[in-house]
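Reviewing the structure listed below.
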Amino acid sequence: MTRTGTRAYMLCALLTAACSGGGGSPPLDAVSDAGADASCNGPCKISLLAGTPGGRGGVDGVGDAARFATASSLTRVGDDIFVADLRGKAVRRLGLASAEVTTFAGQLLSGAGLRQYTDGRGQTATFLNPYRIAAVGDTLYVADYDHLRRISASGDVSTEGWISPNTVFSVAAHGEMLAIAADATVGLYDTRTGIYSALAGSSTYGIVDGQGASAGFGGPNALVFADANTLYVADSCVVRRITVDTGTVTTIAGRSVNGGAVCGVSDGPASTAVLQRLWGITTDGASVWLVERASAINNTALSSNYGRVRRLDLAADSVTSIAGTLPPAPARPAERDGAASEAVFFMPWDVLSIDKALYVSTDAAVRKIENNTVSTVAGTRVSSELRTPTAIAVSGDYAYVGLAGSNGLGRVELASGVFEQLRAYDETDFPIYYIFAMTAVDSTLYLMSESALFAYDIPTGKTTKLWDLMPATFSPGCLVADGDNLYFGGLDLSVDPYAYKLLKLPRAGGNASVVVRSEAIRVSGNAVLHDGALYLANAKQVSRIDLQTSQVTTAAGGAQGGCAAGVGENARFGQITGITSDGKYVYLGDRGCHTLWRMDPKSQLVEHVAGDKANATFAGGLGREAGLNDPTDIAYDAASKSLIICDSFDNIVYRAAAPTAP
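For the sequence shown, position 98 matches number 78 in this note's numbering, and the numbering has no gaps at all.
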């Protein structure tokens, strides 16, 4: 695997950039004053279609009243566990005795744009992607994409002078020293002097034992110190030990062949045991505890993103499984507590040893393993088989959803709400791993994965690749279609500063051409075609791209966030994620405000439709009585004149319609 390819894979694994074209929206030349087609002329009625509410979110509270967007890393300071909330873009504090969760630093679910880092105290600071966290005394250090952030005991957030040129995947602390994994290297950072020194690895990926730069890593995803001279590394599907004073790297568990990890499921002697991809690691001195997760890349016979906790007994030199089950594909059981061997973990991220217990962070909760029993300390377990729907499009009697958590495509029958998993595989018979965006034209679904555009023929289920996206230099965003063309956009990563690029690809075949390139657009978001223009969800604003002139203007909102109706740039949004059109209005799903908005493109008037910023828990109802979590993407169903919305945090699909709708 190349260095850039691995970085792109890891970045996509860390981020959820749910981006879609509001499939089922009217064609480009739709009549914009079709008042009879308006979905809601006033407040919308919200009703559940499919899935079971519960899962990710951004809510402080005690125990199961709290919500985590993605609890990706844990560290202990005194009587508290500090949690890096990756998608929540914040650092949360969990009281060990009280189970109370509070936001310690960062603006929870702020949706801060790419490359936006703001220092400050507590919730005035912003994080981009706080992935891993470690503590030096009572000071926290956070791996925040390619920055190292420091948080004092009083909550003051600053950016350290050392900034990695690569993606920072993990940090671990011992004394005043931090170990930092960045791409295929591990180095040491002295927090007293601010001096960074390389320890092991190079720019070349591959599992190779050796000393210093002659050693190689396949993907060092998590680190833990056993003592000042011993560092353990969770590296792809193997465990490595680094002797700090010499920089010597040795594989101590798991197998590799020709520099590549052998991934699978097998306990036994450490040298022959087979592990799934490792995401978390900790040690109590006698054992190294590992969190692993199955993936389509590792083993297509297992349902992706389910995980287990494994134990590497250092004295016995053996690996055993102590908690969690890995269900066979395509089963998607709900998460459950109880006996360790029967517990179910979905998307486990990290593990922390405290006294005689292990704490495991999953996407939506912090779980505890003690006395061979698993319990949930804070957050909510995932209960729905409709996992992480990130994109939605309507065709005929069905809403089709792209599933990040289940690796693929599913559909919901609009009349019954019944969910069905579909088979979406590329030309090599490999599952399309992550569908960022989709749109529907007649009986064809157009899909945008992390690496390519595909056409999915609904009657036959046949998938055809249309265009390679080169993920190392292009971050996928929107995908929309008119009668003749596909329009797809995203961030061009080959330039600095990054720029937004919108391209046009003829549906009949041919080459893609650039429609517009703009440095003013900094977020690779959802979009919809309306009356000759493309309206783009651009974090706290809606951008308008004229497809004839390529002119980029602001239709509503601005750099200053908030939650308020208004005209044009006087409207305020938290973070726009979903967007679609019914032919007259453009509808906006706002993750930051837990709200649906309606915008009149002619007058630029933005009005409230449903939800309230104070209620991030899903509940059916009318207007502000309804509770919305993350309206990730929206599609328009012309047959029922309603909006169909997927929520990647609550794992549900729901409908927004006029109060008189059945």
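Glycine is no exception: its CB is placed at the ideal position from the N, C-alpha and C atoms.
Remember, predicted model here, so these are calculated numbers, not experimental data.
Notebook entry, point to check: Can you name the start and end residues of the beta strand (DSSP E) that His127 belongs to?
Noted result: Run containing His127: His127 to Ile131, per the beta strand (DSSP E) assignment.
Next item on the list: Go ahead and label Glu315 buried or exposed: buried means 16 or more other beta carbons lie within 10 angstroms of its beta carbon, across all protein chains shown.
Entry: buried
Item checked: Candidates Val204, Leu179, Ala615 and Asp126, of which the one nearest Leu576 by Cα -> Ala615
Item checked: Close Cβ partners of Thr597 (< 6 Å) along its chain, the five nearest in sequence each way excluded -> Gly607
Notebook entry, point to check: Grouping DSSP H, G and I as helix and E and B as strand, with all else coil, what is Glu140?
Noted result: coil
Next item on the list: Run the CB neighbour count on Thr342, radius 10 Å, all protein chains shown included, and call it buried at 16 or more, exposed below.
Entry: buried
Next item on the list: Return the first residue and the last residue of the beta strand (DSSP E) that Phe84 is part of.
Entry: Element bounds for Phe84: Glu80 to Ala85.
Check: Mapping DSSP to helix, strand and coil, what is Asp627?
Finding: strand
Item checked: Other residues of its chain near Ser355: CB distance less than 8 Å, five sequence neighbours each side excluded -> Asp317, Arg347 and Lys348
Checklist line | Euclidean distance between Cα positions of Val122 and Leu509 | finding: 39 Å
Item checked: Option in Asp592, Ala153, Tyr567 and Phe205 with minimal Cα separation from Asp264 -> Phe205
Next item on the list: Could you check how far apart the C-beta atoms of Thr560 and Ala517 are, in whole angstroms? I think they sit under 8 Å.
Entry: In this structure Thr560 is not in contact with Ala517, their Cβ atoms being roughly 10 Å apart against a cut-off of 8 Å.
Next item on the list: Would you list the one or two residues that DSSP bridges to Arg288?
Entry: Glu272
Notebook entry, point to check: Where Asn631 and Phe468 are concerned, what is the direct C-alpha to C-alpha distance, given to the nearest angstrom?
Noted result: 26 Å
Check: Going along the chain, which residues of its own chain have a beta-carbon closer than 6 Å to the beta-carbon of Asn352, five neighbours each way excluded?
Finding: Ala320
Notebook entry, point to check: Going by beta carbon distance, what residues of the same chain come within less than 8 Å of Thr210, once the five residues before and after it are set aside?
Noted result: Arg221, Ile222, Thr223 and Val224
Item checked: Thr557, DSSP secondary structure in three states -> strand
Notebook entry, point to check: Can you give the Cα-Cα distance for Gly192 and Asn238, rounded to whole angstroms?
Noted result: 19 Å
Margin query: Using the three-state DSSP reduction, which class does Asp44 fall into: helix, strand or coil?
Written below: helix
Check: Should Asp617 be labelled buried (16 or more other beta-carbon atoms within 10 Å of its own) or exposed?
Finding: Around the Cβ of Asp617, a 10 Å sphere holds 16 or more other Cβ atoms; the residue is buried.
Next item on the list: Following the continuous beta strand (DSSP E) through Ile334, name the residue where it begins and the one where it ends.
Entry: Asp330 to Ile334
Note to self: Buried or exposed for Thr226, going by 16 or more other Cβ atoms inside 10 Å?
What the structure shows: exposed
Checklist line | Between the CA atoms of Gly43 and Ile421 - distance to the nearest angstrom | finding: According to the sequence displayed, residue 421 carries Val and not Ile. C-alpha separation (whole angstroms): 45 Å.
Notebook entry, point to check: How about the stretch 52 to 60 and the stretch 25 to 44: do they share at least three Cβ pairs that are nearer than 8 Å?
Noted result: no
Note to self: Restricting to Cα atoms, I'd like to know which of Leu471, Arg487, Ile26 and Thr408 is closest to Ala500.
What the structure shows: Leu471
Item checked: Residue closest to Phe62, alpha-carbon to alpha-carbon, out of Thr230, Thr50 and Gly75 -> Gly75
Notebook entry, point to check: Short check: CB of Ser628 to CB of Thr370, under 8 Å?
Noted result: yes
Check: Shortest alpha-carbon distance to Lys465 belongs to which of Asn491, Glu156, Ser474 and Pro611?
Finding: Here residue 465 is Asn; the residue named in the question, Lys, does not match the sequence. Nearest to Asn465 by alpha-carbon distance, out of Asn491, Glu156, Ser474 and Pro611, is Asn491.
Margin query: Using CA atoms only, rank isn't needed, just tell me which of Leu29, Cys24, Val71 and Ala79 is closest to Gly359.
Written below: Ala79
Item checked: Pick from Leu88, Gly569 and Arg552 that is closest to Leu585, judged by C-alpha positions -> Arg552
Checklist line | Alpha carbon of Val11 to alpha carbon of Pro308, nearest angstrom | finding: For Val11, the predicted model reports a pLDDT of 28, less than 50, meaning its position is unreliable; a value from the coordinates is still stated below. Near 49 Å, if we compare the C-alpha coordinates of Pro308 and Val11.
Margin query: Just to confirm the assignment, what range does the beta strand (DSSP E) spanning Val39 have?
Written below: For Val39, there is no enclosing beta strand (DSSP E), as DSSP gives it neither H nor E.
Note to self: According to DSSP, simplified to helix, strand and coil, what is Ala637?
What the structure shows: strand
Item checked: Nearest neighbour of Gly601, chosen from Gly22, Ile26 and Cys20 [CA to CA] -> Ile26
Item checked: Continuous beta strand (DSSP E) assignments of at least 3 residues falling wholly in the stretch 441 to 469 -> 443 to 448 and 454 to 461
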